Amino acid sequence: MKWSKRLTIFLFLLPSCAGLLVFSIIPIFYSFVISLTDWNGLNAWDAAAGVPAFRGMGNYAEILSGAEFWRVLRNTFYYIVLYIPLILIFSIAAAVLLNNAFRGMGVYRVLFFIPVLTSWVAGSLIWKWLLSAEYGPVNELLSFVGIQGPAWLQDPTWAMPGIVMASIWKDMGFFSLIMLGGLQGINPNYYEAAQIDGASFWRRFTAITLPLLSPVLFFVMIICVINSFQLFPQVMIMTTDAGPFGATQAMVERIYKYAFKYYKMGYASSFSWILFVIIFVFTVVQFRLQKKWVHYDG
Numbered sequence: 335m336k337w338s339k340r341l342t343i344f345l346f347l348l349p350s351c352a353g354l355l356v357f358s359i360i361p362i363f364y365s366f367v368i369s370l371t372d373w374n375g376l377n378a379w380d381a382a383a384g385v386p387a388f389r390g391m392g393n394y395a396e397i398l399s400g401a402e403f404w405r406v407l408r409n410t411f412y413y414i415v416l417y418i419p420l421i422l423i424f425s426i427a428a429a430v431l432l433n434n435a436f437r438g439m440g441v442y443r444v445l446f447f448i449p450v451l452t453s454w455v456a457g458s459l460i461w462k463w464l465l466s467a468e469y470g471p472v473n474e475l476l477s478f479v480g481i482q483g484p485a486w487l488q489d490p491t492w493a494m495p496g497i498v499m500a501s502i503w504k505d506m507g508f509f510s511l512i513m514l515g516g517l518q519g520i521n522p523n524y525y526e527a528a529q530i531d532g533a534s535f536w537r538r539f540t541a542i543t544l545p546l547l548s549p550v551l552f553f554v555m556i557i558c559v560i561n562s563f564q565l566f567p568q569v570m571i572m573t574t575d576a577g578p579f580g581a582t583q584a585m586v587e588r589i590y591k592y593a594f595k596y597y598k599m600g601y602a603s604s605f606s607w608i609l610f611v612i613i614f615v616f617t618v619v620q621f622r623l624q625k626k627w628v629h630y631d632g
């Protein structure tokens, strides 16, 4: 390759690389340095005055040895156990429905996607009203069938399921359209051959649709797990002080509180790096396990 062509490529890549370096790589490295100190985010860095004090791995040891971290991790796993199976089921069901060809299907696809375009602030306020124990429509509907609805966001048992319902409503349109793209990529000849052999809808779904949709399902699961560990806006808006008895405390919510409410920037940075390690480990495990159930030879 000629030097002139290399120079042209370099000049075109330079703005993006400079932005990546200044706004991503340097801040990531800087956050790790901060995590080794007790910096409060307000005082200037002054090595001579001992501000901030170097703690080494002290912040990490304090976090991992405290009861709060394990409670937050338990809450996050509880959210994941509720959220991921339900979002997958509802997204696949919506994608199968949207894959049918009938009049006005384009309108229905747009309607399914509207919650995705809604800001989390507006969506969380809507769900806070829907789940209100005093005047919420959800409890009103339950009362019609003789069920006394709980105080959703004030009850430590039901606060997280309430957050999960709001998250499913917000995310289902996005993931269902991804699933829809996967469904439309499946060769219809497979279904025609299965129908000729007398296979039922459920048999076609389990033997053809799910295996050939597995790469898309794997991608969606990766995104869902990462999003679950980054649970934040719905918790901050829908619940007061991370829910009753800390029932909806989450990793990012704790990072925000320690950094911008308690001004423990070093402690918050350590929390964020622990979160990074957890997400990285889960992603690696998912990539290892995908060899057993993801099929790319469709």
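The numbering of the sequence shown is my numbering, which starts it at 335 and goes up by one.
C-beta atoms are modelled at their ideal positions from N, C-alpha and C, and glycine is treated no differently.
All values derive from a computational prediction rather than experimental measurement.
{"query": "Residues sharing a beta bridge with Asp372, DSSP", "result": "Per DSSP, none; premise fails for Asp372."}
{"query": "Neighbourhood of Ala485 by C-beta distance below 8 Å, restricted to the same chain and skipping five residues each side", "result": "Ala467, Trp492"}
{"query": "Buried versus exposed, by CB contacts within 10 Å (16 or more), Asp380", "result": "exposed"}
{"query": "Span of the alpha helix (DSSP H) around Ile460", "result": "454-464"}
{"query": "Assigned secondary structure, Phe563 (DSSP; H/G/I helix, E/B strand, else coil)", "result": "helix"}
{"query": "DSSP three-state assignment for Asp531, whether helix, strand or coil", "result": "coil"}
{"query": "Three-state secondary structure (DSSP) of Asp380", "result": "strand"}
{"query": "Rounded straight-line distance, which links the Cα of Phe363 to that of Arg588", "result": "21 Å"}
{"query": "Same chain only: Cβ atoms within 6 Å of Gly457, ignoring 5 sequence neighbours per side", "result": "Lys504"}
{"query": "Terminal residues of the alpha helix (DSSP H) in which Ala428 lies", "result": "401-432"}
{"query": "Which listed residue (Ile613, Val619, Pro549) has its alpha carbon closest to that of Leu407", "result": "Ile613"}
{"query": "Neighbourhood of Leu431 by C-beta distance below 7 Å, restricted to the same chain and skipping five residues each side", "result": "none"}
{"query": "Identity of the residue in Met494, Phe509, Ala602 nearest Pro449 by Cα", "result": "Phe509"}
{"query": "Nearest to Ser548 (by Cα), restricted to the options Leu517, Met572, Tyr413, Phe411", "result": "Leu517"}
{"query": "Beta-carbon gap between Ser501 and Tyr590 smaller than 8 Å", "result": "no"}
{"query": "Terminal residues of the alpha helix (DSSP H) in which Ile497 lies", "result": "493-518"}
{"query": "Own chain partners of Asp372 with C-beta closer than 7 Å, once the 5 adjacent residues on each side are dropped", "result": "Pro386, Ala387, Arg389, Gly600"}
{"query": "Member of Val611, Gln620, Val618, Leu341 whose CA lies at the smallest distance from the CA of Leu398", "result": "Val611"}
{"query": "Nearest neighbour of Gly392, chosen from Cys351, Gly577, Ile368, Ala541 [CA to CA]", "result": "Ile368"}
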